[in-house]
Structure formats: structure tokens, C-alpha cells
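**Q** Numbering (the working numbering), first residue to last: 8 to 229.
1. Around the Cβ of residue 218, are there at least 16 other Cβ atoms within 10 angstroms (buried) or fewer (exposed)?
2. Could you say which of 86, 180 and 114 lies nearest to residue 45 if we only look at CA atoms?
3. Do residue 56 and residue 42 count as a contact pair if the criterion is CB distance below 8 Å?
4. Report the partner residues of residue 106 according to the DSSP bridge assignment.
5. Between residue 184 and the rest of its own chain, which residues show a CB-CB distance below 7 Å, the 5 nearest in sequence each way excluded?
6. Just confirm the distance between the C-beta atoms of residue 178 and residue 156, as a whole number of angstroms; I'd bet it's less than 8 Å.
7. Helix or strand or just coil, what does DSSP make of residue 160?
8. Quick check on residue 167: buried or exposed, where buried means 16 or more other Cβ atoms within 10 Å of its Cβ?
9. Can you look up residue 37 in the DSSP assignment and give me helix, strand or coil?
10. Is DSSP giving residue 83 helix, strand or coil here?
11. To test your reading of the DSSP string, which unbroken alpha helix (DSSP H) runs of 4 or more residues are found completely within the segment 113-139?
12. Can you round the beta-carbon distance between residue 97 and residue 128 to whole angstroms, since I take them to be within the 8 Å contact cut?
13. Leaving out five residues before and five after residue 71 in sequence, what residues of the same chain have Cβ atoms less than 6 Å from its Cβ?
14. Between which two residues does the alpha helix (DSSP H) carrying residue 214 extend?
15. Quick check on residue 194: does DSSP put it in helix, strand or coil?
16. Specify whether the segment 109-126 and the segment 188-202 touch according to this definition: at least 3 beta carbon pairs, one from each stretch, less than 8 Å apart.
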């Protein structure tokens, strides 16, 4: 079904020729989705994120400081007993409990949770953006397949022209990395974990490690 503007009346799809709603044509799941999605598009804080609305989907585009997050919420056959299906930017790292302590969440509350998640993820992505501004080459950056609580990056380090693999918890990206591996492992032998400063950015810590913490061969120095 093609998308409709959020300004259009969603109930018109179920109005018969007499001008009344034909409830026999509405499945409970469809009705509940319409009711909840209407509350989303009427919310002043959420409606400007809505990119597309259909009778079974809501698509959002969220522009933040370092990344654009695109996410789609789709009605499942047993909604609202069954949670909506969520696909899009970094959704492999996004988790929520639809039924929590006997209380079921709403479509609007889960969308708010995703926006909060996106803001935290955006800050973590910003840590790697800062690296790219300092001549580090970010070859890849994505959610870790095995540990969705982590962002994993493959980076070319300019000071030694070697490849670094680093995984950080996206919720606390300035903490000591979950994984830190270099294409030349011997260069990490003298790394002191206590030297990692959680008050500093990833870029600041890596600069200290590669410029000060290693005794690089003269052939690797600029």
C-alpha cells in the first residue's frame, strides 16, 4: 500500500458510503495500530521525525550531530500482543521489553526509546568521527556481530601505517576498549591499560598510545 501524508485522515479507509465506520472491516490488530500510530503523528516532539506513514508501517528519519538514523516500525500480525518489528539504522544494538513487569508498552513509548538510543549511539559515532579528523582512516564502523553492545572499527593508524581493530561499548565509548588489536601485535606489548583516561576521547587516548606510549622504529616516525 502506498504511503500517505500524516495530514490525511487514517480513518477514511474504514468509512462506508453512509459515513460511518464499518467495524467489520477492521481487524483488532489493524485498529490498534491505527490508534497508536495516530498518537505518534499527533505528538509534537515526534511528528517531525516521521518520513512515511502507511496503514502498517511508520518510517522515521532522525538527523543528529554525527549520523542520520533511519528506522521503520512495522505492525506484526498479533499487534499489540506482539511487539512491532523494527528495522533500520543500528537496530541490531537496540533492545527493549514490550511487556515489562505486567505492563505493555506502546508504539509511542518504544519510538521514544529508540530516539534516546540513537542519541547515545550518535555520541559514540562522534568519537570515531573525531579520529577521522585527525588523519586516522576509518575503514569500517559497525555494531559488533557477536557483541551488539559494542561498536567495532577497523582503523589505519597514521603514525605507524598499521591497522587497528578496536571495539568499544557504545553506551560508554570512552571507557577502555573491549578489544584493541594491531596488525603488528608486538607494538601493544608495552601498553599499560591504566594509562587510558576515561575523561578523554578515544582520539586523545590513541594519540597518547601511539605517539608517547610506544617506542616505534625510526622508519615509522614522521
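By construction, the Cβ of each residue, glycine as well, lies at the ideal position given by its N, Cα and C atoms.
**A** Inspection of the coordinates gives the following:
1. To locate residue 218, count along the chain shown from 1; it is residue 211. With fewer than 16 other Cβ atoms within 10 Å, it is exposed.
2. For this step, residue 45 is matched to residue 38 along the chain shown. Nearest option by C-alpha distance: 114.
3. Translated into the one-based positions of the chain shown, residue 42 becomes position 35. Translated into the one-based positions of the chain shown, residue 56 becomes position 49. Not a contact, by the Cβ cut-off of 8 Å.
4. As a working mapping, residue 106 is identified with position 99 in the chain shown. According to DSSP, which records beta bridges pairwise, residue 106 is partnered with 111.
5. Residue numbering aside, residue 184 sits at position 177 when the chain shown is read from its first letter. Excluding positions up to five away in sequence, the list reads 173, 174 and 175.
6. Translated into the one-based positions of the chain shown, residue 178 becomes position 171. Translated into the one-based positions of the chain shown, residue 156 becomes position 149. So it is a contact: roughly 7 Å between Cβ atoms.
7. Numbered from its first residue, the chain shown carries residue 160 at position 153. Of the three classes helix, strand and coil, the one that applies to residue 160 here is strand, per DSSP.
8. Numbered from its first residue, the chain shown carries residue 167 at position 160. It counts as buried.
9. Stepping through the chain shown from its first residue, residue 37 is reached at position 30. DSSP places residue 37 in helix when its eight states are reduced to three.
10. Along the chain shown, one-based indexing puts residue 83 at 76. Residue state, collapsed to three classes: coil.
11. none
12. If you number the chain shown from 1, residue 97 lands on position 90. If you number the chain shown from 1, residue 128 lands on position 121. So it is a contact: roughly 5 Å between Cβ atoms.
13. Against the chain shown, residue 71 aligns to sequence position 64. Answer for residue 71: 129, listed in chain order.
14. For this step, residue 214 is matched to residue 207 along the chain shown. From DSSP, the alpha helix (DSSP H) with residue 214 extends over 209-218.
15. The count along the chain shown starts at 1 and reaches residue 194 at position 187. Residue 194: helix per DSSP, three-state reduction.
16. no
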